[in-house]
Structure formats: structure tokens, C-alpha cells
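Chains as they are written, first to last, in my numbering: chain A, 7 to 382; chain C, 7 to 382. Even for Gly, the Cβ is constructed at its ideal location relative to N, Cα and C. This one's a predicted model, so the numbers in the text were calculated from it and none came from an experiment.
2 protein chains.
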Amino acid sequence: MSKIIVLGAGMVGSAMAMDLADQHTVVLADINKERLAYTKHKKEAITIQVLDVNKKKELQDAISDFDLVLCAVPGFLGYETLKAIIEAKKNVIDISFFPEDSLSLHELAIENNVTAIVDIGVAPGMDNLILGRLNEEMTISSFACYVGGLPKIKKWPFNYKAPFSPVDVIEEYTRPARYVENGNLVVKPALSDVELMEFDGIGTLEAFNSDGLRSIIQTMSHIPNMIEKTLRYPGHCEYIRVLKESGFFSEEESLTFNGITTSPLALTSKILFKEWKLGDEEELTVMRVLVEGKQNGKDKRVTYDLLDHYDKKTAISSMSRCTGYTATAAVNMYLNGMWKEKGVFPPELIGKDKDCFNFILEYLFQRGVVYAVTEN
Amino acid sequence: MSKIIVLGAGMVGSAMAMDLADQHTVVLADINKERLAYTKHKKEAITIQVLDVNKKKELQDAISDFDLVLCAVPGFLGYETLKAIIEAKKNVIDISFFPEDSLSLHELAIENNVTAIVDIGVAPGMDNLILGRLNEEMTISSFACYVGGLPKIKKWPFNYKAPFSPVDVIEEYTRPARYVENGNLVVKPALSDVELMEFDGIGTLEAFNSDGLRSIIQTMSHIPNMIEKTLRYPGHCEYIRVLKESGFFSEEESLTFNGITTSPLALTSKILFKEWKLGDEEELTVMRVLVEGKQNGKDKRVTYDLLDHYDKKTAISSMSRCTGYTATAAVNMYLNGMWKEKGVFPPELIGKDKDCFNFILEYLFQRGVVYAVTEN
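Okay, here's the thing in C-alpha cells:
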């Protein structure tokens, strides 16, 4: 039984606090009192605390008494929050998915004798972990990850609800996508190279380029082909491109109302947030990780397939299950003393350790998040 | 040679002033000095005058010395401006296309001994005129008008540039569309009932419901079937519906930023205005008026087809030619003493008079705006 503080009471942070509270003493901290009260109501054992992570001193005071910090703040706050945690010499599991390079904090973590496991959700997260594991077992020539969070009920035109922060969804549609092809880094616009793919239990989905490779571009630079694509119901991408091509995603401060200036993107986000708001409705998470290469001189192809659904009993979303339980698996793995290295570690580095890999998959399996493996 | 004041120096107002200045003394008035200077530069004979039509006294003073007023102000200013002109006892030709019912000013016009010919552009305008004429010659069972202003070069996604005020284009996409079917008034959402139609010299276009019947719902209430549809390049309508269905056309003041509140529609308009801005580029006007019924007991079907292009020589848009020259035809028809009745007259009432009808068609023909008539 350890003392854990969870930063961020969003959908995922809340689900993680509830999961951990069965075995540990858990404090859940957020600036939003309503979110805190909601989680407290669902799980009495959790202690809640109002906290603004932007206030560094307050943040560092708040975490001082804990064995481990689990950080799930919005992406745009992630990097500075993680840095402050490391400077406070606290070990940390992080799923804030900030745009900055987490490995740039590696030396700082070593200096502060800290272990920071980052990006340990579903994607980034499980795809990295799987890649890190298979990289120990075979010579990989290509890695591909296809992933999406989708509503069960499709509503025209976008057939989409955002299972995590809509800001981060729009970021996926605007930030240029990087992939590796024949050893070269290729940069393409997000939403490019739409292809149709079949998934058991769902049907046809469309996959398009998004900037999801993150740390593995550095850590797995010996693999000549690596790509991540986002999955949506067919048609979504075309309609997003309509908005993008006609200026709705422009970040230029070109709109003036009553003397106040703003950008089309700022207002488009507000409209789409409303349209894409995930209510108390069923959604699902779908992921396919495809690794090809050679093992003992023979061609090998390994596929990990995930299809997870909203949990009606607990009203916990599939995205929270798949993302949050991977992180809580890492929390327990770390608290069990299974990972002792100091520094910043994305999951592909954790995946090198077979015991850690198996622990996380087993932890997820116990919670019904099941990866089906095919080898051929 | 008469003295005419043209109110509004927009694309159409400017083209009309230039057309009339060859035969008459013309003053062009607008609140926008740049627009005035632009027209003056193109046609030295025109006198320009800065005028805010919102200031009723100034407006009535400005028009007091003229034989006729030609009103081409934006739609939202149209009704009040026309009312002020009638109250000032000035005869007027109007193409402001305001949303209010112009016939509600009929009694006021009679009291003031004024002739007001309204809606006398291409559509509304020529379609009404044609209907009014054919209604004298046959028993009409159905009237349909298909009309659109389109750019020559199609740019994805909307394949569209607005040949008149984009505010009025968006109005076409939001105001419920009325049509008459088997003698009943039917109201449907704008953009509904999309059908594909073929047009010589263009190819396939899509037609959808828009609220274009206006006065003929009242004046031609004996005709059991009447409909007007707007024409666009295929695909446009679907993408507009994507915006509409996902909240971009909402007029609710639901967006707040920096303390300012606005509506999605206000934002969307600004973005689309930029995307749809008609530059100095070629555009075209296409219209098909289809009238069916009986003449002397036999089935008769009459089609009027218009396909007009941007005039490279004068850099006057096709929409300005088709709309403006219909109105300047009416100006000359009126000044020639061909229409003497007092009151408010939409074109279907003018069309009853064969001489007036022929005069307008001939005037347009001389300017290259040609209606091809097919009877079968």
C-alpha cells in the first residue's frame, strides 16, 4: 500500500484514481472542483484536493509527501508540470502527452535520482511497449500503428465524439505528421494518405497520417519504416479537410469582433467541441500494431489487435480504460520494484524488460483490456 | 435624357450606373468612398456622392432633385430605404432584394402617387417577368426556376465564389425554403432535395431548395406548382450541410472569448467570405425557367435558358450584367413612359404587358444577355 497523488481529474485521471484506490492511498488533485466532487462521489476512498499545477511552489508542496506522482494534466501543461515534479525529486508516471520532447528531461531526472515513465497510455503507450518488446526478439523492418477512439453511435457528418480533450484531437488534424520510410524522415500534412482498412467487430474504417510516433523516432532510429495513423469512421477525414482547406483551422488572428481579435481555429474549436462532446454514451477503442521483420533468418509478422468497449457497469469510457489502466499498470509495476533505472523512459524502453511487459499486459487483461496477438 | 440617382455602388450598382451614364445624367451614391472612386475611375461621366441611406433626411434630400431613383443597397437596408423613397414621392426601380414583403408598401406608393418596380434583377426578376408573360398566354400548371452564379474555375471544397453579397448567400442556406405543390405551400429546410441537372456549356450541376419564390407566392397563387432552386457545382451542397449540421450556422450567441459573445454563424460568415471572395476572375450566370400548362386545350411547355459569362472587355461580372441590365432595362422602360401604373410592382406584374416584356428582353439582348426559348 503506497501513497499516490494523481494530478488531473479528467476522464482518464479520474478512472486511474478509482483503479488505484483499491490497493493504495490515493489523492486526486485538480483545479476543477466539480470534476473532483464527481470522482469523490463515485469512489469515497479517494481524497480530493484543489490544486493549480501552474503554481510551481504549490504543486511541489502538494506532491512532497507521496511515494509516486501519476500525472494526467492537459497536454499543454504537461512539460512544465513534469519538469517541476522531477525537480522536486519525485518519481512519476506521466500520460500528459505534451508536444515537447520528454527525453530532453532525461539528464535532469538522473541528476535528481528520479524515475519518470512517460507516454504510458494506449497510443502513445502500448504501441511503444509492444515495439520495444518485439525489438528484443526480432530484426524489425517495419512498424505500423493504427489507432482511434470512436463513438458507438455514428452521427452525420463527422461520425465522431472526442474521448479525450478535443484540443488534442484538433492538434492531430493540424500538426504535420512525421513517419519514417526507408530510413528517411518524411513530413506530410495531417489527414493525408487516407486508406480504408477492415476491423473485426467494427467494419471498414479510414486511416490517415497523424503525428503519433513521438519518442520512437529517436529511440528506434534503426528501424527503417515506422508509421502511425489515426482511425475514424469513413467520411470523417474528408469533412475535416473541407474545414481545413477553407480556412476554418487557420491560426492567424484574422477575425475581429467588437474590436477583439481571434483566429478561425479558436472559434472552430469551440463549435466542434460542442459537436464532438462525448456524453454518457458508449464508445470504443480500436488499435492494430503491425510489426514485420526477421527472426532467426525467417520472415516474421506480428499483429496486436485491440478492440475495447465502454464499461456500462462503471460508466468508465473505453479510452479511459485503455489509457488509464496502462498507466496504473505502470504505477504498480514501478511500486513493485520491477523498474529501478533512473531517467526518463518512454514505453519502448520499458518494453525491453520482458517481466515489465508481461506485467502490464496481464494487468490490462485482468481489467478486460485484451490484446489479441497473431503471428505469421 | 433623365436625371437618375443610383443608390449603392456595389458590383451591380456600379455596373448599372455605367450602363445608364451613356444615355442619362447619373449620380452614384454610397457610404463607401473607395467603391465610388473605383466606379468614377471607370466612367468619368458618373457623378459620385457620399451618402448614408440610414440617415432618412439626408437620403430624402439627396434624391429630391432626380427623375428616378435606382436602388441597389444591401438587402438588410432595402425595405426602410424603399419606404423612405416612396414617402419622398420619388419613382423608384429597386433590386435590393430585402427579406420583407415589398407588396406591403403598395398602398403607401399609391397614396404618394409613386411607381415602384421591385425585384427586377435576374432571379428574382427575369423569372418573374417570364412567368407573368406566359401567365397571359396559357393556363400554367407548373413553374420552376433553377438559377445560380458560379465561378469559371472550381476550387475544392466549395467550388464557389459569391457573385453578390456573401451575407445573402448564407441567408439562402439558412432561411427555410417555401414552394407550392398541388396548391399547398410547403416549407422545407434550405439545401434540401438536391438533384442533379444537365446544362449545355457547363455540364452537371446540383439544384437544391432555396427560398426564392418571394412575391409570386401571393401574386400567382392560382398556379398549383411553383418552385425555385439554387444551382451549384456538384458537392457544394453536401459540404455546406456539413457546416450546417455541425453547428457552424447556428445564430445562437454561444461563443465567448475575451468577454465578447458571438454566434457560430457570425464567425463562419467571416471565414467563408474570405474563401468565397470573388476576385477579378471569370464567373457565369446560369438560369432555366420551365413553365408547363395548357394553351388552347393543348399541353405546352416553355423553357427559357440563360448562360451568361463575365465580360473580359469591361471587367463587369456576369451577375452584374444579368441583374443590373434587367434593372436598367426597367429604368429605360419606365422613363419611356411604358409603365404608368402607381403602386409597388414585382416583375410578374410588369410581364403582363407584352411591350414591357419585349422591351426588357430586347434591351438585354443588345447587351449580350440572351435568353434561349424552347417550346414543345
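Taken through DSSP and simplified to helix, strand or coil, residue 113(A) comes out as helix.
Taking 8 angstroms as the upper bound on Cβ-Cβ separation, chain C lies near residues 280 and 281 of the region 280-306 of chain A. Listed along chain A is no residue with a C-beta nearer than 9 angstroms to that of residue 180(C); the closest approach is about 15 angstroms.
Only residues of its own chain outside the window of five on either side were considered, and among them 13, 65, 79, 83 and 87 have a CB closer than 7 angstroms to the CB of residue 59(C), listed in chain order. Boundaries of the alpha helix (DSSP H) harbouring residue 273(A): 270-281, taken from the DSSP string. Residue 260(A) belongs to the set of residues whose beta carbon lies under 9 angstroms from a beta carbon in chain C.
Residue contact with chain A for residue 278(C): present (Cβ-Cβ distance below 9 angstroms to some residue of chain A). For residue 264(C), the closest Cβ of chain A is nearer than 9 angstroms. Taking a cut-off of 8 angstroms for Cβ pairs, the region 276-289 of chain A and the region 320-327 of chain A touch, as three or more such pairs fall below it. Around residue 248(A), the beta-carbon contacts reaching into chain C at under 7 angstroms are 163, 245 and 248. Closer than 7 angstroms at the C-beta level to chain A, one finds no residue of the region 138-155 of chain C. For residue 268(C), at least one C-beta of chain A is nearer than 9 angstroms to its own C-beta. Of the candidates 301(A), 316(A), 340(A) and 208(A), the residue whose Cα lies closest to the Cα of residue 146(A) is 301(A). Approximately 6 angstroms separates the beta-carbon atoms of residue 11(C) and residue 75(C); this is inside 8 angstroms, confirming the contact.
By the criterion of a C-beta distance shorter than 6 angstroms, residue 31(A) is surrounded in its chain by 9, once the five residues flanking it on both sides are discounted.
Per DSSP, the continuous beta strand (DSSP E) segment holding residue 293(C) begins and ends at 289-301.
Counted as a single uninterrupted DSSP element, the alpha helix (DSSP H) harbouring residue 354(A) occupies residues 353-356. DSSP places residue 315(A) within a strand segment (E or B) once states are collapsed to three. Around the CB of residue 242(C), 16 or more other CB atoms lie within 10 Å, so the residue is classed as buried.
In its chain, beyond the 5 residues on either side, 81 have a beta carbon closer than 6 angstroms to the beta carbon of residue 174(C).
Rounded to whole angstroms, residue 137(A) and residue 337(A) show a C-alpha spacing of 20 angstroms.
A residue is called buried when at least 16 other Cβ atoms come within 10 angstroms of its Cβ; residue 196(A) meets this threshold and is buried. In terms of Cβ geometry, residue 221(C) and residue 107(C) form a close pair [threshold 9 angstroms]. At a cut-off of 9 angstroms between beta-carbon atoms, residue 214(C) makes no contact with chain A. By the CB criterion at 9 angstroms, residue 296(C) and residue 238(C) fall outside the cutoff.
DSSP, reduced to helix, strand and coil, places residue 146(C) within a strand of the structure shown. Taking the Cα of residue 94(C) as reference, the smallest distance to any Cα among 112(C), 198(C) and 63(C) is reached at 63(C). Only residues of its own chain outside the window of five on either side were considered, and among them none has a CB closer than 7 angstroms to the CB of residue 162(A).
The continuous stretches of beta strand (DSSP E) do not include residue 365(A), which lies in the alpha helix (DSSP H) extending over residues 360-372. The beta-carbon separation of residue 181(A) and residue 193(A), rounded to 10 angstroms, does not stay under the 8 angstroms limit for a contact. Across the set 293(C), 370(C) and 245(C), the C-alpha of 245(C) shows the shortest separation from the C-alpha of residue 252(A). At a cut-off of 9 angstroms between beta-carbon atoms, residue 81(A) makes no contact with chain C. By the criterion of a C-beta distance shorter than 6 angstroms, residue 309(A) is surrounded in its chain by 296 and 380, once the five residues flanking it on both sides are discounted. Judged by beta-carbon spacing, residue 150(C) lies within the 9 angstroms limit of residue 231(C), meaning their Cβ atoms are closer than that value. Excluding sequence positions up to five before and after residue 217(C), its CB lies within less than 6 angstroms of the CB of 181, 183 and 184, all in the same chain and listed in chain order. For residue 127(A), the secondary structure class from DSSP, reduced to helix, strand or coil, is strand.
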